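In the numbering used here, the protein residues as written are 6 to 149.
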């Protein structure tokens, strides 16, 4: 569904797959109004839409890693990473993270997955008492 947020930058026409055709749709061609999963440029169009919105929310894109965005500094820092449609958010305070979630949900259909314990091959553990964050790839290494 995330790719539906990308605005198509040129006319693209499609046909209904033969297995889904009806008498009404048989032989007809349709112009796409939104990017669809599987479209060559769908990922790029989604990234452009997301990037524009994050910048409008005051995020800066990291020069060294363009899928990392930051906003604020020190005590107000919020860091957001992008992996297709996964957007883990960490921040100096819970209200800062919640504000970003509210901003994103005002523009996109999002689902809060809660605290992450693993993401893209990483194990993530936050110790609230010790205020430490541990990240490892042991799960990925045992699979590989």
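The C-beta atom is built at its ideal place from N, Cα and C for all residues, glycine as well.
Remember, it's a predicted structure, so these values are computed and weren't measured experimentally.
Check the Cα spacing between residue 17 and each of 41, 9 and 37: the tightest is with 37. Residue 76 counts as buried, since no fewer than 16 other beta carbons sit within 10 angstroms of its beta carbon. About 5 angstroms separates the CB atoms of residue 88 and residue 125; that is less than 8 angstroms, so the two are in contact.
For residue 19, the closest C-alpha among the options 28, 11, 10 and 39 is that of 39. Distance from the CA atom of residue 30 to the CA atom of residue 23, rounded to whole angstroms, is 10 angstroms.
Straight-line spacing of the CA atoms in residue 43 and residue 8 works out to 9 angstroms.
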